[in-house]
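A quick write-up on the structure given underneath.
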Amino acid sequence: MSHEPILKYERLGGYLPTLLKEDAISCLAVHINYICVGTYNGNVILLHLDGTFIQRLHHHSKKVNDLHIDETGQHIASCSDDGTVAIYTLFSSFSTASSQSSSKSSNIGEINIYNYYNAIYCVRFQEKYSFRRERIFACGGLTGQFSINRKGWILDKELTIHEGEGPIQCIQWKHNLVAWANDWGVKVYNVDQEQPITFVERPQLCPPLELSRCQLIWLSDHQLIVAWAHTIKIVSLDLTQSHSEANSGAKSSTDNLQRKFSGAFGSKSVGKVTAVISLNYFIAGISAWNEEFLCVLGYRPPREKQSDALETDYPLPEMHIIGIDGMSISSVRLPLRGHVRLRASDYKMSSLRYTISTSNKRNCQWQFDHSDDTQQEERIASAYEAALGCVTYLCTPKDVILCRVRGIKDRVQWALDRQHFRKAVYVALEDPNALKDFAYSYANVLELYLSALITQEKFQEAADEINRLFNGKEFNALWEKYVYIFAQRNQLSAIAKYVPTLTNERLPNAQYEMILRHFLENDPEKLVQVLRKWPKPKYERVKEENDSESPYFQEREEPLYDAFRWIRELEAVVRQRRILEVDTDAISMETACILEPLAELYSSTGQYDQALRIYLTQGTLCFSKEHVFKLISEHQLWALVDTKVANLVQLDTSLAVKLFVTQLEHFPIVQTAKQLEPQEKILLEYLHQLWMEQSSVYNCERYTQIHDMQVALYVKYAPDSLLTFLRGNFFISLEKVYRLCDTHVPPLWEAMICLLSRMGQERKALELILTQLQDLQQAIQFVQVKNSQKDARLWDYLIELSLSSSEMMQFLLEAAAKHHVDPILLLTKIPVDMELDHLKQTLIEILATYKLQLDLCCHCLKSFQVDRMELMRKQVRVRKRGSHVTTTQQICAICRQVLRAALGSQVSEPARKSTLQTFFCMSISKCGSLEPCNKRSGAFFVINFQCQSEPKSKLQNLIFSLNFISFGTADALTD
Numbered sequence: 001m002s003h004e005p006i007l008k009y010e011r012l013g014g015y016l017p018t019l020l021k022e023d024a025i026s027c028l029a030v031h032i033n034y035i036c037v038g039t040y041n042g043n044v045i046l047l048h049l050d051g052t053f054i055q056r057l058h059h060h061s062k063k064v065n066d067l068h069i070d071e072t073g074q075h076i077a078s079c080s081d082d083g084t085v086a087i088y089t090l091f092s093s094f095s096t097a098s099s100q101s102s103s104k105s106s107n108i109g110e111i112n113i114y115n116y117y118n119a120i121y122c123v124r125f126q127e128k129y130s131f132r133r134e135r136i137f138a139c140g141g142l143t144g145q146f147s148i149n150r151k152g153w154i155l156d157k158e159l160t161i162h163e164g165e166g167p168i169q170c171i172q173w174k175h176n177l178v179a180w181a182n183d184w185g186v187k188v189y190n191v192d193q194e195q196p197i198t199f200v201e202r203p204q205l206c207p208p209l210e211l212s213r214c215q216l217i218w219l220s221d222h223q224l225i226v227a228w229a230h231t232i233k234i235v236s237l238d239l240t241q242s243h244s245e246a247n248s249g250a251k252s253s254t255d256n257l258q259r260k261f262s263g264a265f266g267s268k269s270v271g272k273v274t275a276v277i278s279l280n281y282f283i284a285g286i287s288a289w290n291e292e293f294l295c296v297l298g299y300r301p302p303r304e305k306q307s308d309a310l311e312t313d314y315p316l317p318e319m320h321i322i323g324i325d326g327m328s329i330s331s332v333r334l335p336l337r338g339h340v341r342l343r344a345s346d347y348k349m350s351s352l353r354y355t356i357s358t359s360n361k362r363n364c365q366w367q368f369d370h371s372d373d374t375q376q377e378e379r380i381a382s383a384y385e386a387a388l389g390c391v392t393y394l395c396t397p398k399d400v401i402l403c404r405v406r407g408i409k410d411r412v413q414w415a416l417d418r419q420h421f422r423k424a425v426y427v428a429l430e431d432p433n434a435l436k437d438f439a440y441s442y443a444n445v446l447e448l449y450l451s452a453l454i455t456q457e458k459f460q461e462a463a464d465e466i467n468r469l470f471n472g473k474e475f476n477a478l479w480e481k482y483v484y485i486f487a488q489r490n491q492l493s494a495i496a497k498y499v500p501t502l503t504n505e506r507l508p509n510a511q512y513e514m515i516l517r518h519f520l521e522n523d524p525e526k527l528v529q530v531l532r533k534w535p536k537p538k539y540e541r542v543k544e545e546n547d548s549e550s551p552y553f554q555e556r557e558e559p560l561y562d563a564f565r566w567i568r569e570l571e572a573v574v575r576q577r578r579i580l581e582v583d584t585d586a587i588s589m590e591t592a593c594i595l596e597p598l599a600e601l602y603s604s605t606g607q608y609d610q611a612l613r614i615y616l617t618q619g620t621l622c623f624s625k626e627h628v629f630k631l632i633s634e635h636q637l638w639a640l641v642d643t644k645v646a647n648l649v650q651l652d653t654s655l656a657v658k659l660f661v662t663q664l665e666h667f668p669i670v671q672t673a674k675q676l677e678p679q680e681k682i683l684l685e686y687l688h689q690l691w692m693e694q695s696s697v698y699n700c701e702r703y704t705q706i707h708d709m710q711v712a713l714y715v716k717y718a719p720d721s722l723l724t725f726l727r728g729n730f731f732i733s734l735e736k737v738y739r740l741c742d743t744h745v746p747p748l749w750e751a752m753i754c755l756l757s758r759m760g761q762e763r764k765a766l767e768l769i770l771t772q773l774q775d776l777q778q779a780i781q782f783v784q785v786k787n788s789q790k791d792a793r794l795w796d797y798l799i800e801l802s803l804s805s806s807e808m809m810q811f812l813l814e815a816a817a818k819h820h821v822d823p824i825l826l827l828t829k830i831p832v833d834m835e836l837d838h839l840k841q842t843l844i845e846i847l848a849t850y851k852l853q854l855d856l857c858c859h860c861l862k863s864f865q866v867d868r869m870e871l872m873r874k875q876v877r878v879r880k881r882g883s884h885v886t887t888t889q890q891i892c893a894i895c896r897q898v899l900r901a902a903l904g905s906q907v908s909e910p911a912r913k914s915t916l917q918t919f920f921c922m923s924i925s926k927c928g929s930l931e932p933c934n935k936r937s938g939a940f941f942v943i944n945f946q947c948q949s950e951p952k953s954k955l956q957n958l959i960f961s962l963n964f965i966s967f968g969t970a971d972a973l974t975d
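Residue numbers (the UniProt record's numbering): 1 to 975.
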């Protein structure tokens with residue numbers, strides 16, 4: 001299976017046919033706004049991107065070998081066989097708005113001609129040429145001299161960097177790095193540091209310049225692609241090493257540089273060839289899309305060289321897309337004009353990259369084919385995304401080809417030509433508006449795809465695609481068309497679940513009626529699913545004055561179908577089926593399939609009682625059991641089902657029991673249990689769930705009879721669950737339950753032990769544990785629980801029961817070692833003549849355990865004592881703190897009198913030496929207003945104020961005498 005090509009190729013027209021009649025193209029350069037073409041007659045012609053003529057520049061007398069345009073498009077460089085280099089300066093209005101043709105005087109500004117007297121093969125501007133104060137371009141040609149020209153404000157400086165190794169074939173700049181190729185290889189030079197960077201040798205058995213040129217491309221700031229003959233080398237540069245070498249020594253002079261280059265160029269190389277790709281064709285041109293994919297123009301030499309060789313013996317040039325690892329992704333042969341007379345060096349490639357918006361990138365996602373080579377498809381998809389925003393111009397002396405990414409129209413046409421309808425649809429889906437001027441509209445492409453699926457009888461896949469692709473009101477006509485198509489093929493079941501039902505996308509009512517009719521006649525079981533999926537018809541219930549029985553429904557919104565007509569029709573079908581049935585008491589499966597849609601129609605029209613009646617009569621034949629219980633809860637139909645407990649259980653036992661337990665206000669316990677008495681297992685399940693989930697309501701004296709019934713059911717059907725019920729219920733008859741457990745075969749010993757314990761017969765319960773269960777561990781636990789409660793004599797009884805068996809005594813001793821049994825009591829009861837195994841070791845373990853317990857207790861007491869003393873000291877420090885009393889007026893907290901108002905000269909001496917009491921709550925009172933008992937509470941401070949100043953002066957110095965009362969002691973602190 002052939003993969004979809006990535007690029008499309010268009011022959012450039014416009015002025016080119018006229019030009020090619022009298023001249024031939026030698027080179028080409030591309031800018032975002034225009035194209036620049038060089039000819040064999042020395043002309044430089046400016047063209048629009050579509051090939052229309054702008055202007056002709058004639059400043060060379062011989063063939064133009066190379067052209068270059070800077071980033072802004074305001075400067076053009078050209079070189080020729082006549083030894084001249086021309087630098088053209090364009091006006092900014094031309095370079096930014098090239099769509100407007102203008103005269104020569106308005107387009108071209110300054111023109112500088114540089115004469116080197118020998119053929120110049122290549123010329124290149126340094127990057128950001130227009131923005132630099134010192135503008136630099138490099139050139140080289142036949143003599144092998146590589147020159148750099150620096151154009152300043154006043155003078156031009158020209159420096160020959162290298163010479164003597166053959167003609168210069170190619171030049172490429174990257175920031176301050178420049179790379180060029182000659183007969184020996186490729187060299188890289190740092191212009192700012194005036195330092196050589198690296199050298200890459202020319203491949204062996206490489207043809208001369210006249211047959212194949214070297215191609216240079218900077219892949220990134222530190223990666224250079226060298227494409228020469230049939231080899232591609234990827235060179236990585238370590239620029240940090242280059243900078244360190246430059247800083248370690250001073251700059252050399254021009255003569256020293258030339259000697260260094262003429263010797264071992266790059267002897268201290270900082271470049272490394274990281275990958276070598278060998279191809280089976282010569283490289284005539286190369287373009288890098290990104291760091292992963294390359295576009296290569298391949299040239300294959302003719303098979304024969306006889307003078308009478310046929311044109312078919314000259315292979316067509318090939319455009320290859322390869323990965324950086326050398327893996328081929330796609331290739332195509334290009335029928336270029338005059339290719340039989342061309343060599344690899346006669347082809348020229350010039351690429352241009354432009355920015356593409358994120359939305360356009362999303363609209364250009366690659367759609368995978370259903371092929372086995374998934375890995376190749378993924379590589380093609382990645383290459384397609386890399387090629388977005390890249391345009392390549394390929395020129396020969398008599399032809400110019402535009403290579404660019406295939407658009408939506410191209411890809412759709414390619415898919416339709418090969419009947420890949422699915423891919424055509426999904427490609428068109430990326431941007432349906434792109435097909436407006438196309439031979440096939442988006443709707444036409446959809447119909448071709450769906451028609452192919454229907455022809456292949458893939459009806460379900462076609463229905464799925466219709467649902468996925470027909471989105472919006474504009475597809476209503478197609479929806480209507482394909483519903484009829486599916487109806488003609490008797491395949492409405494495949495598309496029915498996708499039919500649009502929204503108000504603004506609805507189809508004619510006849511189509512919905514047709515779908516319902518199809519399911520009624522062919523698949524009644526799915527009719528109810530369709531009815532539930534479609535929106536319910538909204539009606540308003542209005543009773544007429546003269547008719548109180550049958551309601552009249554007034555329509556609110558136009559429904560998809562006539563519900564009442566369908567109710568009448570289904571009722572007639574049910575009556576007819578019931579007449580034909582032999583067993584009138586039971587409902588057949590066929591009738592049940594009709595009853596359920598009828599019940600759904602009743603529900604949709606608000607007749608919930610009729611719908612519920614049908615569901616309850618169906619019983620186990622009901623297919624929508626969860627829907628029934630949901631209907632009851634949503635529409636509060638409790639009054640209709642409180643006496644239909646048995647019918648609900650017949651529908652679904654688990655759902656019914658859950659409903660009874662959670663809705664006790666609608667299903668009283670006594671009435672529900674009475675209705676479930678004939679079905680004892682279901683009654684037990686109901687009572688068990690009631691006990692587990694509603695214990696707070698159910699566990700009361702009111703339901704004692706039901707509790708006794710539940711116990712009997714546990715004994716009969718679920719003995720394992722009885723014990724849990726007995727431990728939590730306090731309203732059952734213990735003697736009656738005990739007799740039930742005793743008469744059961746086999747007896748329920750666990751339940752009997754629990755009952756005996758609750759009746760106070762612990763000794764008998766303990767005896768049953770030892771004799772019937774023979775579980776001494778459980779007996780020990782039982783005794784421990786009872787011993788902690790009330791009866792310490794059970795230990796004696798347990799030991800007495802165990803004295804008859806040495807194994808039991810041995811187990812009790814081991815339990816004593818684990819501190820489960822009182823060891824002193826046990827040891828005093830052991831008979832002298834009883835033989836016990838490992839008695840010594842057991843006693844050692846008992847003593848070790850008690851010693852460990854004693855040590856733990858002692859250390860814990862010491863820790864507690866240290867903590868207690870530390871907390872006591874902290875409390876004493878806190879309570880000994882002084883209380884701050886301000887000099888402002890304050891009120892006594894007891895008698896509400898001013899405490900400090902009498903500090904003037906009129907105050908008597910006793911009053912001046914009064915005592916105040918400050919509480920922890922920061923309230924202050926006089927001593928006289930407190931009871932003597934309060935002084936022992938430790939809840940206040942006693943502060944004595946003595947004034948030492950003159951009678952008329954304010955209080956300035958206070959002497960505090962603080963008495964702290966705590967735990968019955970008083971400590972004096974004087975500040």
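All C-beta atoms in this analysis are idealised placements derived from N, C-alpha and C, irrespective of residue type, glycine included.
Compare the C-alpha of A24 against each of K398, Q55, H230 and N43 and name the closest. By one-based count along the sequence shown, residue 24 stands at place 24. Among K398, Q55, H230 and N43, the Cα nearest to that of A24 belongs to K398.
Along the chain, which unbroken stretches of the alpha helix (DSSP H) at least 4 residues long are found entirely within the segment 5-77? 16-22
Buried versus exposed call for T643 [16 or more other C-beta atoms within 10 Å across all chains shown]: Position 643 of the sequence shown, counted from the start, is the residue given in the question as residue 643. Burial call: exposed.
Where does R793 sit, in a helix, a strand or coil, going by DSSP? The residue you call residue 793 lines up with position 793 of the sequence shown. Coil at R793, not helix or strand.
Based on Cα-Cα distance, which residue from F660, F137, R896 and G51 lies nearest to I87? Residue numbering aside, residue 87 sits at position 87 when the sequence shown is read from its first letter. The option with the nearest alpha carbon to I87 is F137.
Please state if the CB of T396 and the CB of L336 are separated by a distance shorter than 9 angstroms. Along the sequence shown, read from residue 1 onward, the residue named residue 336 stands at position 336. Along the sequence shown, read from residue 1 onward, the residue named residue 396 stands at position 396. For L336 and T396, yes; Cβs fall inside 9 angstroms.
Give every residue of the same chain whose Cβ lies closer than 8 angstroms to the Cβ of E461, excluding the five residues on either side of it in the sequence, and list them in chain order. Numbered from its first residue, the sequence shown carries residue 461 at position 461. If we look at E461 and ignore the five residues flanking it on each side, its Cβ neighbours are L453.
Tell me the residue span of the beta strand (DSSP E) that contains K233. For the purposes of this step, residue 233 is taken as the residue at position 233 of the sequence shown. Element bounds for K233: T231 to L237.
Beta-ladder partner(s) of V296, from DSSP: Numbered from its first residue, the sequence shown carries residue 296 at position 296. BP columns for V296 point to I286 and H320.
Alpha carbon to alpha carbon, what distance is there between I168 and H60? Translated into positions along the sequence shown, residue 60 becomes position 60. Translated into positions along the sequence shown, residue 168 becomes position 168. Going from the Cα of H60 to the Cα of I168 covers about 20 angstroms.
Using the DSSP secondary-structure output, state which residues sit across from T396 in a beta bridge. Position 396 of the sequence shown, counting from 1, holds the residue named residue 396. Looking at the DSSP assignment, T396 forms a beta bridge with D399.
N- and C-terminal bounds of the beta strand (DSSP E) containing H162: The residue labelled residue 162 in the question sits at position 162 within the sequence shown. D156 to H162 is the span of the beta strand (DSSP E), which, as asked, contains H162.
Can you round the beta-carbon distance between V528 and P432 to whole angstroms, since I take them to be within the 8 angstroms contact cut? The sequence position of residue 528 within the sequence shown is 528, counting from 1. The sequence position of residue 432 within the sequence shown is 432, counting from 1. About 38 angstroms separates the two Cβ atoms, so there is no contact after all.
Tell me the rounded alpha-carbon separation between D800 and L740. Residue mapping note: residue 800 aligns to position 800 of the sequence shown, counting from 1. Residue mapping note: residue 740 aligns to position 740 of the sequence shown, counting from 1. The residue you asked about is not Asp; residue 800 is Glu in the sequence shown. Taking the straight line from one Cα to the other gives about 30 angstroms.
When DSSP labels each residue in this structure, what does S604 get in the three-state scheme? Taking the first residue of the sequence shown as position 1, residue 604 is located at position 604. Correct three-state label for S604: helix.
Terminal residues of the beta strand (DSSP E) in which Y88 lies: Sequence index remark: in the sequence shown, residue 88 carries index 88 (1-based). That run of the beta strand (DSSP E) goes T84 to L90.
Quick one: grab the DSSP three-state call for K201. One-based indexing of the sequence shown puts residue 201 at position 201. A small correction: the amino acid at residue 201 is Glu; Lys does not occupy that position in the sequence shown. Strand, per DSSP.
Per DSSP, what kind of secondary structure is S733 in: helix, strand or coil? Taking the first residue of the sequence shown as 1, we reach residue 733 at position 733. DSSP places S733 in coil when its eight states are reduced to three.
I844 burial status per 10 Å Cβ neighbour count (16 or more: buried): Sequence index remark: in the sequence shown, residue 844 carries index 844 (1-based). Looking at its Cβ environment, which holds fewer than 16 other Cβ atoms inside 10 Å, I844 is exposed.
Are the beta-carbon atoms belonging to E127 and H175 less than 9 angstroms from one another? On the sequence shown, residue 127 is found 127 positions in, with the first residue counted as 1. On the sequence shown, residue 175 is found 175 positions in, with the first residue counted as 1. Cβ distance < 9 angstroms, so E127 and H175 count as in contact.
Please list, in chain order, all residues of the same chain as E685 whose beta carbon is under 6 angstroms from its beta carbon, the five residues on each side excluded. On the sequence shown, position 685 is the one that residue 685 refers to. Once the five neighbours on either side are set aside, the close Cβ partners of E685 are V657.
Taking the straight line between their C-alpha atoms, what separation do you get for R758 and F667? Residue 758 sits at position 758 when you count from the first residue of the sequence shown. Residue 667 sits at position 667 when you count from the first residue of the sequence shown. Each residue's Cα considered, the two are about 33 angstroms apart.
For G185, which residues does DSSP report across the bridge? For the purposes of this step, residue 185 is taken as residue 185 along the sequence shown, with counting starting at 1. DSSP output for G185 lists E201 as bridge partner(s).
Grouping DSSP H, G and I as helix and E and B as strand, with all else coil, what is V898? One-based indexing of the sequence shown puts residue 898 at position 898. In the structure shown, V898 sits in a strand (DSSP, three-state: E or B).
Length of the line joining the Cα atoms of V641 and Y797: Stepping through the sequence shown from its first residue, residue 641 is reached at position 641. Stepping through the sequence shown from its first residue, residue 797 is reached at position 797. Approximately 58 angstroms between the Cα atoms of the pair.
Going by alpha carbons, who is nearest to R202 out of V273, T143, E134 and I148? As a first step, residue 202 is located in the sequence shown; it is residue number 202 there, counting from the start. Looking at the Cα atoms, V273 is the closest of the given residues.
According to DSSP, is V226 part of a helix, a strand, or is it coil? The sequence position of residue 226 within the sequence shown is 226, counting from 1. In this structure, V226 counts as strand in the three-state DSSP scheme.
According to DSSP, which residues form a beta bridge with P559? Residue mapping note: residue 559 aligns to position 559 of the sequence shown, counting from 1. Paired residue(s): none; P559 is not in a bridge.
Locate the beta strand (DSSP E) running through W218, then write down its first and last residues. One-based indexing of the sequence shown puts residue 218 at position 218. Here the beta strand (DSSP E) through W218 covers Q215 to S220.
What is the rounded straight-line gap between the Cα of L560 and the Cα of T605? Here residue 560 is taken as the residue at index 560 of the sequence shown, counted from 1. Here residue 605 is taken as the residue at index 605 of the sequence shown, counted from 1. Distance between the alpha carbons of L560 and T605 is about 13 angstroms.
Given a cut-off of 9 angstroms on the beta-carbon distance, is the pair P315 and R303 in contact? Counting from 1 along the sequence shown, the entry for residue 315 is found at position 315. Counting from 1 along the sequence shown, the entry for residue 303 is found at position 303. Cβ distance < 9 angstroms, so P315 and R303 count as in contact.
Test item: CB-CB of L388 and V405 under 9 angstroms: The count along the sequence shown starts at 1 and reaches residue 388 at position 388. The count along the sequence shown starts at 1 and reaches residue 405 at position 405. Yes, the pair counts as a contact, with Cβ atoms nearer than the cut-off.
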